[in-house]
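Asker:
Numbering (the numbering used here), first residue to last: 775 to 1531.
1) Locate the alpha helix (DSSP H) running through residue 1022, then write down its first and last residues.
2) Measure the C-alpha to C-alpha separation of residue 1520 and residue 1191 and round it to an integer number of angstroms.
3) With 16 other CB atoms within 10 Å as the buried threshold, where does residue 1120 fall?
4) When you compare the CB positions of residue 1313 and residue 1325, do they come within less than 8 Å of one another, or not?
5) Got a sec? Which residues, its chain only, sit under 7 Å from residue 1016 by beta carbon, not counting five neighbours each side?
6) Closest Cβ-Cβ distance between residue 1446 and chain B: below 8 Å?
7) Could I get the ranges of all uninterrupted alpha helix (DSSP H) runs contained in the stretch 1417–1489, with 4 residues as the minimum, in chain order?
8) In chain order, what are the residue ranges of uninterrupted alpha helix (DSSP H) at least 4 long that sit wholly in the stretch 1344–1396?
9) Count the CB pairs spanning the stretch 876–888 and the stretch 924–935 that are closer than 8 Å, and state whether there are at least three.
10) Report the residue from 1283, 1252, 1301 whose alpha carbon sits nearest the alpha carbon of residue 1270.
11) Nearer than 7 Å: is that true of the beta carbon of residue 1149 relative to any heavy atom of the ligand ADP?
12) Looking only at DSSP bridge pairs, what is residue 1411 linked to?
13) Buried or exposed, going by whether 16 or more other CB atoms sit within 10 Å of the CB of residue 1173?
14) What is the rounded straight-line gap between the Cα of residue 1206 and the Cα of residue 1215?
15) Hey, residue 1366 and residue 1343: beta-carbon distance below 8 Å or not?
16) Looking at C-alpha atoms only, which residue of 1169, 1171, 1157 is the closest neighbour of residue 1181?
17) Name, in chain order, the residues that DSSP records as bridge partners for residue 726.
18) Tell me the rounded alpha-carbon separation between residue 1452 and residue 942.
19) Between residue 1358 and the rest of its own chain, which residues show a CB-CB distance below 6 Å, the 5 nearest in sequence each way excluded?
20) Say whether the stretch 1508–1516 touches the stretch 1369–1389, bearing in mind that this needs 3 or more beta-carbon pairs closer than 8 Å, one atom from each stretch.
21) First and last residue of the alpha helix (DSSP H) that includes residue 915?
22) Starting from residue 1494, follow its DSSP beta bridges and name the residues at the other end.
23) Which word fits residue 1029, buried or exposed, when buried means at least 16 other C-beta atoms lie within 10 angstroms of its C-beta?
24) Helix, strand or coil, according to DSSP, for residue 1038 in the structure here?
25) Leaving out five residues before and five after residue 1424 in sequence, what residues of the same chain have Cβ atoms less than 8 Å from its Cβ?
26) Buried or exposed: residue 1346, going by 16 or more other Cβ atoms within 10 Å of its Cβ?
27) Beta-carbon within less than 7 Å of residue 892's beta-carbon, same chain only, minus the 5 sequence neighbours each way: which residues are those?
28) Have a look at 1488, 1498, 1434 and flag the residue whose alpha-carbon is nearest the alpha-carbon of residue 1441.
29) Any chance the stretch 1463–1471 sits against the stretch 1431–1438, with 3 or more Cβ pairs inside 8 Å?
30) Using the three-state DSSP reduction, which class does residue 1278 fall into: helix, strand or coil?
31) Give every residue of the same chain whose Cβ lies closer than 6 Å to the Cβ of residue 1232, excluding the five residues on either side of it in the sequence, and list them in chain order.
32) In this structure, what does DSSP give as the bridge partners for residue 1530?
33) Examine the Cβ distances between the stretch 984–996 and the stretch 946–957 and report whether three or more of them are shorter than 8 Å.
34) So what does DSSP say about residue 829, is it helix, strand or coil?
35) Write down the C-beta distance between residue 1198 and residue 1162 rounded to the nearest angstrom, noting that I regard them as a contact closer than 8 Å.
36) Could you check where the alpha helix (DSSP H) with residue 1142 kicks off and where it finishes?
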């Protein structure tokens, strides 16, 4: 449908171009003051239901009657947030598409894309010919976002046609086209191959390289496309070109001795500040090298020549990617000897990757001397990577036991922020020397820090200490309980069902979700069903949207273990505030009774979206996190790109909601995540925030919203420690760290946010 409508519309555009300009190229004569060319507006009726032209009847070109105003902007954002479910549907978004204000046009077409409805794709076509490049870029991106989860071959055809007609398109929009062609799902190999050929062509211009925005976008598209290599290989020419680009600009940077400082972070911050938040940012040569390395790594096409050059790159993350790739190769094929140099790299990110790679490549226990040394690294994350890898026997067992024992014993004397080495060592010791670990595990289980007690649970699981695990299952911390019950099930299965049932009087969402899963196929159905129903009823009364996951888990278990006797318990929830829960309840009752039941949910009132003037006030605003470990993290809010997330984060910070909370999840060379009241994945603020997916990528230092599926933001945040482009278009980016990235790099599991201001 998109290609048929798009072809008809583009023919209309061509006729009006001849009428107005008498030549090809984008018409600018007689356009609105700063918005859509009138030739496009004349043809918009084909797509948006206005009086447009057909093959038989071409109306005169006239000025649009829609003008920019804050009220329209607010209405558009509300319709986007409601996902078209309000009485107005998408009327305001349609109105914004034909505004003379490019800002409103951009917001409107972005909103259409965020609805993720393939039927709306044709509405984006007119904006491809806006005079404003940000509008054109957003229109291209919106087409792909609207096609999310569906084949995008028709979208690709429209883009191919557009590129053929608009040969003079600027580099910024070409960059977005490249990213879009790479992330579209192609239904057949032919479409994918044409997409690859187009992307390859976009990496060149004349006899050289295109401007940086176009080049970066094309490489990002190839990286996305490379992730489908399991289905279709990529050409030798593409691989060769990516190999060239893996060295793009390296010699010039090396000559300037550009080396970002991981210690102080000032140079990296100077590069990062304000850049990630610009969707059309042209990037830098190192970014092109990094993305090229990612693509080649995914395809398994990193040659020795490329790896050798990358390991000596001025950019630490190019080096990190090279080291990681070496670890994935065989010791015969990869330059493993280069890892020795990487183990002493000035960047902790590179050293952490080198430790992992060396342990992977080393034969038997040969890696242990390196791990012994790395466990003493000044950087905590490097040390923890090494300690975790000591969960296998070393040839020098006495040295291994001594090292791990010394760390474990230190748990008794270290301060509140010095527990990590000892806790990780205790788990490793419990794996290789459980009798020795028994000397320390009881003390860890009594530690005042719940994170330490969690690690005591991990150690007890390795040791098979069910007595200690049962004691930890009664801990005051729900996270400790969660570790304990999972371990009890792994050790004894349903023999611990009485312990699992006892957890159902708790309210922590992660704990309830966990025990609901563990009680699957329990032989104690009679004992479990009552507490399951009671737990479901209790947490339902709070009417928290973000309680969906534990409520659904409890419902699934009630469906399995319950019967017609429990119909009365569930009937009220056919009118639940959560449509997903209401629908599941109706399914269960239909199955139990044999009579069709239909859900009639009563959704909660949606959270209000920020008004235009509030978004303008938030522009350029920062939230500063004061960390107990020391230092501050300043997060610039990207209010224009993600207004509801930016406003929510600022509101929660102002209310003191983050004060005293932690970063409960730290994954080396990936992300840190925090802002949970109960310090776990499933505990967040009460209401959901809808996704605001856009053109801002998950570069190192960007701040995203943690979700568990579409439109499930709960106030938790994560900060990207490295470039995580695979998260693009799935997780909202609403901020970027502009000061204190070195503080971010030092954050450890459980670190406390003293205050957010």
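Glycine included, every Cβ here is placed at the ideal spot set by N, Cα and C.
Answerer: Quick look at the numbers:
1) Careful: residue 1022 lies outside any alpha helix (DSSP H) and carries neither H nor E.
2) 12 Å
3) exposed
4) yes
5) 996, 1066, 1069, 1070
6) Judged by its chain identifiers, the structure shown contains no chain B, having just a single protein chain.
7) 1417–1428
8) 1353–1367, 1386–1392
9) no
10) 1301
11) Among the components of this structure there are no ligands whatsoever, and the ligand ADP is therefore not found.
12) 1509
13) exposed
14) 14 Å
15) no
16) 1157
17) Because the chain in this structure spans residues 775 to 1531, residue 726 falls outside the shown range and cannot be described.
18) 54 Å
19) 1329
20) no
21) 907–920
22) 1445
23) exposed
24) Caution is warranted here: a pLDDT of 42 is assigned to residue 1038, below 50, making its placement in the model unreliable, and the coordinate value is therefore given only provisionally. It is coil, neither helix nor strand.
25) 1392, 1395, 1397, 1411
26) exposed
27) 920, 921, 924
28) 1498
29) no
30) helix
31) 1201
32) 1399
33) yes
34) Bear in mind that the predicted position of residue 829 carries a pLDDT of just 43, short of 50, making it unreliable; the figure below should be weighed with that in mind. Residue 829: coil per DSSP, three-state reduction.
35) 6 Å
36) 1142–1148
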